[in-house]
Structure formats: C-alpha cells, structure tokens
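Input: a single structure, listed below in structure tokens.
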Amino acid sequence: MSEMPSVSFVSLGCPKNLVDSEKMLGLLAEAGCAIVGDGSGLGDVLIVNTCGFLSASRDEAVGILQEAAEHKRNGDIQRIVAAGCLVQRDGQGLMKDVPEIDALVGVHNRSDIVRAVTGRKRNELGSSGGADDSVLFLGEYHASSWTEANRSDQTRLRLTPAHYAYLRMSEGCNQKCTFCTIPSIRGPMHCKGVDEIMAEANELIADGAVEINLIGQDTTSYGQDIGYDAGLSGLLKTLNTLDGAHWIRLMYAYPSDFTDEMIDAIAACEKVAKYIDIPLQHISDRMLKAMYRRVTRNETEKLLTKLRERIPGVSIRTTFISGFPGESQADHEELRKFIRDFGFDMLGVFPYSNEPGTPAHRMKNHLPPELIDERVDELMLTQQDVAFEMAAARKGKNFDVMIDDYGEGGVYPARHEGQAPEVDSVVYVEGGEYDPGDIVTVRCTGHRDYDLLAKPVDAGLPILQ
Ligand code: SF4
Numbered sequence: 187m188s189e190m191p192s193v194s195f196v197s198l199g200c201p202k203n204l205v206d207s208e209k210m211l212g213l214l215a216e217a218g219c220a221i222v223g224d225g226s227g228l229g230d231v232l233i234v235n236t237c238g239f240l241s242a243s244r245d246e247a248v249g250i251l252q253e254a255a256e257h258k259r260n261g262d263i264q265r266i267v268a269a270g271c272l273v274q275r276d277g278q279g280l281m282k283d284v285p286e287i288d289a290l291v292g293v294h295n296r297s298d299i300v301r302a303v304t305g306r307k308r309n310e311l312g313s314s315g316g317a318d319d320s321v322l323f324l325g326e327y328h329a330s331s332w333t334e335a336n337r338s339d340q341t342r343l344r345l346t347p348a349h350y351a352y353l354r355m356s357e358g359c360n361q362k363c364t365f366c367t368i369p370s371i372r373g374p375m376h377c378k379g380v381d382e383i384m385a386e387a388n389e390l391i392a393d394g395a396v397e398i399n400l401i402g403q404d405t406t407s408y409g410q411d412i413g414y415d416a417g418l419s420g421l422l423k424t425l426n427t428l429d430g431a432h433w434i435r436l437m438y439a440y441p442s443d444f445t446d447e448m449i450d451a452i453a454a455c456e457k458v459a460k461y462i463d464i465p466l467q468h469i470s471d472r473m474l475k476a477m478y479r480r481v482t483r484n485e486t487e488k489l490l491t492k493l494r495e496r497i498p499g500v501s502i503r504t505t506f507i508s509g510f511p512g513e514s515q516a517d518h519e520e521l522r523k524f525i526r527d528f529g530f531d532m533l534g535v536f537p538y539s540n541e542p543g544t545p546a547h548r549m550k551n552h553l554p555p556e557l558i559d560e561r562v563d564e565l566m567l568t569q570q571d572v573a574f575e576m577a578a579a580r581k582g583k584n585f586d587v588m589i590d591d592y593g594e595g596g597v598y599p600a601r602h603e604g605q606a607p608e609v610d611s612v613v614y615v616e617g618g619e620y621d622p623g624d625i626v627t628v629r630c631t632g633h634r635d636y637d638l639l640a641k642p643v644d645a646g647l648p649i650l651q
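Using my numbering, the letters of the sequence shown correspond one by one to residues 187 to 651.
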C-alpha cells in the first residue's frame, strides 16, 4: 500500500468505547488515512472496535468480524483490524474464531492504531500464519500505559452529532462487583486531571457541543487516584464555569460513594443537568451482598430520597440485573415492588450474564435462562406502568428541550434535561423550525408510549404555568 490506506470503522459497545473509536479515527485521519463513512462503501481496511463486557457483545463482534472476513475473501477489503475490550479480554480466542484478522489493538494500545492499519499482514509472516508482535498491539494495564497518548481524548473525530459529546473523565474501575469483567479488561480506575478535562471540554464546545456527557466506569470516585481531594463535586464546580455548555450530564455514578457535597454541587451548578444515571443493580440486601456492591438497601433508599429532596426536579436513571445466581422469588418480588414504589424516571433491566472469569461465574444456584427472561419481562412491565404514568402527568407542562435532529414532516426529535442521548426516551416537537442543539420551550401535549409529544410554546399556545 503506497499511500495511506482508506479506512472504514465499526464502533461497538458503550460511550467509553465510542470515545476510543473517535480518538483512533482522529489519529488515522491525522496520519493521512481517508475515513470512509457509513453507507459509502468499504475502505481498504476495516476496523472493528469491539465490546467484551458480555457474551452477547462477543457474539455480535464475532458476527461482524466474520462478515468482514467474507469481504476480505471477496477482495472488497485488504485488511481487518480488531480493537477494543473483546480484544483485551480474549484476543487470541478472537483470532481463532476469525483467522482473517490481520492485527489486534488492545484498549491500552489505541495509540498504535496507525501501525496496526499500515503494518505487515499476518499472512506475510511466512507459513506459520501465527501471530507475532508485529500484529499484536496488546498489553495489560500499567500506570505507565496511561500515557498522554492513551489518556487524552483530544483531536478526536467525533461520531456523535455535533451538539452533544461524551467526555471520559476516567477509565478503569476499583469496585469489585462480582458479575463484572470491566476491571479485568480496563484495569483499576485511572483519572484525567481537571485541566485535561477542561481542555477537552473546551475543544468539544468549540467543535459545536452544547451538551457534555461525563462518562467513566465509576464517576463518583473521581480524583481518588490522583490526589484530587475536591473529587467529583470540585470537578463539577469547575466545569460549571465553561462558556458555551448548556448541559453537563453525569453518567455512571456509583451509589456507595455519593457524598452530600456531590449532591449539593449538582443542585447548585446551573449548567449541571438535574439528571443522575446511577446503576443500582439490585435492592435486596441478600443480592447486593452477593454482588459485592458495598451498599445496603437502607443506604440506597436514603441516598435516593436525598437526591430528590435536595435537587428539585431531578431525573433518576438506573439499571438492574435480574436473575443473579441465588436470586430467590422473594428477592425478585422485593425488586419489583421497589421499582413500583420508587418510580424511576428512566430504567433498564439486564438479564444476568454468566461471564467466565468473574466471581459470580463460580457461584452456585444459577437460574435457568427462561426464568431470568420471565423476571426481566416482569420488571420491565412494572417500569412501563410507572413510565407511562409519569409521561401522562407531564401533559400541559412547559419545559425546555434540546433539538436532536431535523426529523421529518416538521416533527423534531428532542430531549428534555432528564433524558440522556441514545439510552432514554425522547420528546417529539411538532412545529417550528430548528437546528440540532437549539433549546426550545415546549408544552407537553401527550405521550406515545415512553416518548413525549409537545408543541413549541411560542407557537401561539397559551402559557400555562
Ligand atoms: S462499578 Fe462495578 S459494574 Fe461498574 S465497571 Fe466497576 S466493577 Fe463493573
């Protein structure tokens, strides 16, 4: 390949992986690779940034890589590069599943993406066809690997719409939840400094972002590994001074480390969205203990009550795991009743996934998959009732939304402050002429399932307070 190869990219998994994808695309573009967008054919090289959190994400990645192998056999592409969490978790296994892969890039080696794209092909390694260092950019987490190149997410090529962006404030995790593979993939928690985060935020705002979604594996532990005593509340107060940001949204909070200072900072900082994403995973003390969540039901309820009391109008999103080993019918009923009674604004339920290498995998009393599916459905139906009641209660209310897209037929998809991008319900705004990122005051006229319907207040509708 004389000149730099053209590249197409598939980004799988969570927003943290998406930021890695954006950064790798930035590095490739800087190196002179043409980036071939969705729907405009394939580049010389196809990169798949994989997710390795659950077996289901593994199946998805292997499926896409096998399709890529087909394209390679047909000569549509010349090279396959696999990157990301599944590579970090089981790169060699992946190469066995898809021998056509030419290079592997682990999560701690993303700055090697250009070498992986331009280096030698596996089958140029003589008859063995084995893999050697020239195509494996893989290493375990080590403090030394958290270099500026791997830490800074600046100069990325963004894949989200311009008006919102993800800002990763830390990577890795120090928690030890017994069902989770992430610490074994991403390593212990390692944070960016406040100045680095501010520099990234300013770059994203200069690039058109008015909404900054703060991400990490456990955002409430921010600063503990870099001696930043002010922690998350200090960071939020600093980010609140940003010019040009409309919403700064906190995702991936961890319940046991949520302090009063953090609650007060969210309440007091006008640019910090009155929105909390706080995965709770369960509510029965028996299950919380078995999951090693380091928090009790009582502490969880106290925290949630405090959040609602001290942050007026706050929206709370959470996720639960259903079917954890040993979960009794009583545990399940306790969770269902809690969902019914507390009334979360946004909620997701995941079936327990039996991940090799986790302590939960070695536990006894694993539940049959059909029972797990049944319980997931029961919890989601319970939440559906709650969500539809909440949506109906918004009818006639006025609130601000951020336009997310141009939509069709004069109806614009948008979100209010209590709705995060890509994971929560939306508001459909009928009428007006807007651009993505515009803030519009609307009045809710009804709902369609989880989504709200609204009209712009300035459309001559009477202001109902
Ligand atoms: S907080 Fe728990 S579930 Fe989340 S990444 Fe860390 S170990 Fe995994």
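Ideal Cβ positions, reconstructed from N, Cα and C, are used throughout, including at glycine.
| Query | Result |
| --- | --- |
| Outcome for Leu-567 when other beta-carbon atoms lying within 10 angstroms are tallied against a minimum of 16 | exposed |
| Enclosing beta strand (DSSP E) for Leu-630 [first to last residue] | Here the sequence assigns Cys to residue 630, which means Leu is not the residue at that position. Its beta strand (DSSP E) spans residues 625-634. |
| Proximity to Gln-570 [Cα-Cα], best of Leu-322, Ser-514, Asp-463 and Gly-534 | Gly-534 |
| Around the ligand SF4, Cβ to any heavy atom closer than 5 Å, ordered along the chain | Cys-359, Gln-361, Cys-363, Cys-366, Ile-368, Gln-403 and Asp-404 |
| Residue closest to Gly-212, alpha-carbon to alpha-carbon, out of Thr-406, Asp-644, Gln-274 and Phe-195 | Phe-195 |
| Assigned exposure category for His-376 - 16 Cβ within 10 Å defines buried | buried |
| Neighbourhood of Cys-455 by C-beta distance below 7 Å, restricted to the same chain and skipping five residues each side | Leu-422, Lys-423 and Asn-426 |
| Nearest residue (CA-CA) to Glu-397, options Gly-379, Gly-529, Leu-436 and Thr-406 | Leu-436 |
| 8 Å Cβ cutoff, Gly-512 in contact with chain C | Protein chains in the displayed structure number just one, and chain C is not present. |
| Inter-residue CB distance, Ala-431 and Ala-387 (contact presumed, cutoff 8 Å) | 7 Å |
| Spatial distance of Ser-313 from Asp-288 (CA atoms) | Since pLDDT at Ser-313 reaches only 48, below the 50 mark, its modelled position is unreliable, and no value is offered. |
| Every unbroken beta strand (DSSP E) within the segment 241-290, with a cutoff of 3 residues, ordered by chain | 265-270 |
| Residue span of the alpha helix (DSSP H) that contains Glu-447, given as start and end | 446-454 |
| Spatially closest choice to Gln-361 from Leu-553, Tyr-408 and Leu-204, by CA coordinates | Tyr-408 |
| For Leu-198, the three-state DSSP class (helix, strand or coil) | coil |
| Where Lys-523 falls, given that 16 or more other Cβ within 10 Å makes a residue buried | exposed |
| Backbone secondary structure at Pro-599 - three-state DSSP | strand |
| Neighbourhood of Ser-297 by C-beta, 8 Å cutoff - its chain only, sequence neighbours within 5 removed | Leu-213, Thr-333, Ala-335 and Asn-336 |
| Alpha-carbon spacing of Ala-217 relative to Lys-258, whole angstroms | 23 Å |
| Inter-stretch contact at 8 Å, needing at least 3 Cβ pairs: the segment 596-609 / the segment 538-554 | no |
| Length of the line joining the Cα atoms of Ser-508 and Leu-240 | 15 Å |
| First and last residue of the uninterrupted alpha helix (DSSP H) at Pro-555 | 555-579 |
| Candidates Gly-632, Thr-491 and Val-628: closest to Val-643 by CA position | Val-628 |
| Selected residue, minimal CA-CA separation from Met-355, among Pro-347, Asp-411 and Asp-393 | Asp-411 |
| Whether Tyr-414 touches Val-380 by CB criterion (8 Å) | yes |
| Sheet register partners of Pro-642 (DSSP bridge) | Val-628 |
| Arg-522, enclosing alpha helix (DSSP H) - first and last residue | 515-528 |
| Closest by C-alpha distance to Arg-654, when choosing among Pro-465, Val-572, Glu-513 and Lys-282 | For residue 654 there is no data in the structure shown, the boundaries of the chain being 187 and 651. |
| Beta-carbon proximity list for Lys-128, same chain, < 8 Å, skipping 5 on both sides | Residue 128 is absent from the model: the chain starts at 187 and stops at 651. |
| Residue span of the alpha helix (DSSP H) that contains Lys-460, given as start and end | No alpha helix (DSSP H) holds Lys-460; the beta strand (DSSP E) holding it covers 458-463. |
| Outcome for Leu-638 when other beta-carbon atoms lying within 10 angstroms are tallied against a minimum of 16 | buried |
| Assigned secondary structure, Ser-314 (DSSP; H/G/I helix, E/B strand, else coil) | Only weak support exists for where Ser-314 lies, its pLDDT of 49 falling under 50; the value from the coordinates is given anyway. It is coil, neither helix nor strand. |
| Leu-290 beta carbon less than 8 Å from that of Ser-243 | no |
| Residues of its chain near Asp-450, where Cβ-Cβ distance is below 8 Å and the 5 sequence neighbours each way are ignored | Ser-419 and Arg-496 |
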